[in-house]
Structures are given as C-alpha cells and as structure tokens.
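Residue numbers (my numbering): 640 to 846.
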C-alpha cells in the first residue's frame, strides 16, 4: 500500500486558512460592536423625537383648556387630577366643556394622543390646586413620564430631549425651567412643567 505524503508547502496553506478564520472573527467582533452603538444611537434618536413631540402636544392641550375657562381669577381652568398620585394624561377632562364632551382627547376639541414611546410608562399629570375653584397650585402643575428599561439609549435620548427645553439644571436662576431632568437619577423621570410652583414643588414633579 502506498502512503500518501503531504506536500512540503501544506503547512503554509493551513496557516493561511487559520489566519483568514481569525481575521473573519475579528471583523465580526467589530461589526457587532458597531451594531450595538448604532442600536443605542437609534434608541436615543427615537426617544428624543417622541418625548419632545408628545410633551409639547400634552402641554398645549392642557393649556388650551385653561385658555378657554381660566379667565376668571377665581376659577382654575386647568384639568383637575388625583392630588396625591396624579392622573393619566390619557384620562384628562376639561371640566368647562359640555357634559359628555369633556375629554381632552376625544371631546370638544379632539386630538390624537400617541401611545408612549417604546420602553416607557404612560404620561401622568398633576394639578396641585386641590380645590379646583379658587385657591392656587402652589406646588405647581406638571406632567411626567418614566422609562421601563435601563437602555443607555434612553438616557442619551432624554438628555437630548431636555436640551430642547429650558432646563432646571442649566437654566436656573437665569430663566424659569420648562423641564426637570437628572440623567444621574435612578428613576430617569422626565418632568415638564405646565405652571411653575409658587411654593415647594410637588414631589411628583421632581426627578
């Protein structure tokens, strides 16, 4: 029986193959890392766009109610809320509107409230004027939203969103804040003021 013999250059061919395999593994790792960075950036861009547009829409609808019915200084035209935990923005009523048409979203002046952006809880609102008629909202009126995940893109997105408003961190005391947001907070709560407090701010309106 004849024994097959390896060619003298066989070792060189195997070394070349192993080199190609190692190179492909390295390229795969780089692509995976780049994909992760791209994913984070995509989340940040989505969060920024959604949070800014939703916050402005909600604020304008709540303020619209006050513009319609808050001309008398003895009347609070803003929607009322649970004075302790706040009320879902999706459930807000403009109490000055006719019965059956008081929903801020489907009533007298209907508008579409988009669902919260992916990875976030629902928007909430609080009016610290518990009496509704008379009195004042010394603790302020605000809306807020919190994330359900710790994706790094969320922090980046909320930071970008906060930069579109006057921030309580960077703007005080030169101008009143529209937004209160602390990127180092464990809750990552994003707060948008409707009216600023005249006294101690309500705890729901703090990050």
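Ideal placement from N, C-alpha and C gives every residue a C-beta, glycine not left out.
Item to complete: Note down, in chain order, each residue of its chain lying with its Cβ closer than 6 angstroms to the Cβ of residue 726, except the 5 sequence neighbours on either side.
Response: Cβ within range, chain order: 720 and 764.
Worksheet item: What residue does the alpha helix (DSSP H) around residue 794 start on, and which one ends it?
Response: Start and end: 791-801.
Worksheet item: If we call anything under 8 angstroms between Cβ atoms a contact, is residue 823 one with residue 691?
Response: No, these two residues do not count as a Cβ contact at 8 angstroms.
Worksheet item: With a Cβ-Cβ cutoff of 8 angstroms, do residue 756 and residue 689 count as a contact?
Response: Between residue 756 and residue 689, the C-beta spacing is below 8 angstroms.
Worksheet entry | Cα-Cα separation, residue 845 to residue 738 | Their backbone Cα atoms lie some 34 angstroms apart in a straight line.
Discussion item. Relative to the C-alpha of residue 762, which candidate in 750, 707, 731 and 815 has its C-alpha closest?
Written reply: Proximity to residue 762 across 750, 707, 731 and 815 peaks at 731, based on C-alpha coordinates.
Practice prompt. Could you round the C-beta distance between residue 717 and residue 735 to whole angstroms and report it? I think they count as a contact, below 8 angstroms.
Written response: Their Cβ separation, rounded to whole angstroms, is 10 angstroms, which puts residue 717 and residue 735 out of contact at 8 angstroms.
Item to complete: Let me know if residue 706 comes out buried or exposed under the rule of 16 or more other beta-carbons within 10 Å of its beta-carbon.
Response: Exposed, because fewer than 16 other Cβ atoms sit within 10 Å of the Cβ of residue 706.
Worksheet entry | Reference residue 816, options 742, 803 and 827, closest by Cα | Residue 803 holds the alpha-carbon nearest to the alpha-carbon of residue 816 among 742, 803 and 827.
Fill in: Which residues DSSP lists as bridging residue 759, in chain order
BP columns for residue 759 point to 786.
Practice prompt. Please classify residue 767: is it buried, with 16 or more other beta-carbons within 10 angstroms of its beta-carbon, or exposed?
Written response: Taking all protein chains in view, the Cβ of residue 767 is crowded by 16 or more other Cβ atoms within 10 Å, so the residue is classified as buried.
Discussion item. Measuring only the C-alpha atoms, how far is residue 743 from residue 699?
Written reply: If you take the alpha carbons of residue 743 and residue 699, they lie about 11 angstroms apart.
Discussion item. Could you compute how far the alpha carbon of residue 785 sits from the alpha carbon of residue 741?
Written reply: If you take the alpha carbons of residue 785 and residue 741, they lie about 27 angstroms apart.
Worksheet item: Taking the alpha carbon of residue 836 as the point to measure from, which residue in 776, 843 and 696 has its own alpha carbon closest?
Response: Looking at 776, 843 and 696, the one whose alpha-carbon comes closest to that of residue 836 is 776.
Discussion item. So if DSSP puts residue 781 in a beta bridge, which residue, or which two residues, is it bridged to?
Written reply: Residue pairing by DSSP puts residue 781 in a beta bridge opposite 765 and 832.
Item to complete: Determine, using beta carbons only, whether residue 838 and residue 778 come nearer to each other than 8 angstroms.
Response: Going by C-beta atoms, residue 838 is nearer than 8 angstroms to residue 778.
Discussion item. Any beta carbon of chain B sitting closer than 8 angstroms to that of residue 718?
Written reply: The structure shown contains no chain B; it is built from a single protein chain.
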